[in-house]
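**Q**
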Amino acid sequence: MVRAGWLNTVLEGHTTINAGIDVTVPVCVLLSARSHFGLSWDDAMLRADTVLEVDGVAKSALKLGSSVTVERVDGALHDVFLSHPDARADAFARMERWLIGWNAVAHSPLVRSSSPTAEPVGSLDNNEGDPEHG
């Protein structure tokens with residue numbers, strides 16, 4: 031049973047996100063590659079989000095902050111980590127790559143902070159003293 035208070039809270043949250051917020055930390059959004067809605071059972075429901083329209087979720091996710099990664103997992107359910115084993119493994123691999131990447135940024139000598147808006151303190155292209163590059 032869906033309670034009116036719970037649904038109202040969910041809708042208020044969606045309205046807040048759609049207005050745009052800034053969580054100030056990197057965000058990784060994992061979602062199914064497709065939605066599937068039907069009035070009767072269909073096997074496609076085992077490999078799609080049957081709750082939300084994923085293209086809208088992906089678009090709204092970009093309003094969470096300045097550093098948002100959207101990962102679309104083929105064959106995933108609405109609750110990505112409850113998907114069939116192949117989709118679940120893909121989701122974990124994507125999350126792991128994202129975490130490794132941000133961990134590398136946090137420990138890089140080229141940034142002063144692990145913030146997604148960190149200022150560079152060096153350059154990957156070291157052409158200092160090269161007359162062609164100033």
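With my numbering, the residue at position 26 of the sequence shown is 56, and numbering never jumps.
No residue lacks a Cβ here, since even glycine has one placed at the ideal position from N, Cα and C.
1) Measure the alpha-carbon distance for Val-135 versus Gly-68 and round it to whole angstroms.
2) How big is the Cα-Cα spacing for Val-57 and His-44?
3) Which parts of the stretch 77–134 are runs of the alpha helix (DSSP H), unbroken and 4 residues or longer, counting only runs that do not cross its ends?
4) Roughly how far, in whole angstroms, is the beta-carbon of Val-103 from the beta-carbon of Arg-77, given that I think they are within contact range, below 8 Å?
5) For Val-57, name the three-state secondary structure that DSSP assigns.
6) By how many angstroms is the C-alpha of Arg-118 removed from the C-alpha of Leu-112?
7) I'd like to check one pair, Asp-52 with Ser-90: are the Cβ atoms closer than 8 Å?
8) Tell me which residue opens and which closes the alpha helix (DSSP H) that Ala-34 is part of.
9) CB-CB under 6 Å to Ala-74, same chain, minus the five flanking residues each way: which ones, in chain order?
10) Which residues in the same chain have their Cβ closer than 6 Å to the Cβ of Val-59, if we skip the five residues on either side of it in sequence?
**A** Let me lay it out:
1) 43 Å
2) 17 Å
3) 84–91
4) With a Cβ gap of about 10 Å, Val-103 and Arg-77 do not count as contacting.
5) strand
6) 7 Å
7) no
8) 34–49
9) His-66
10) Ala-91 and Val-100
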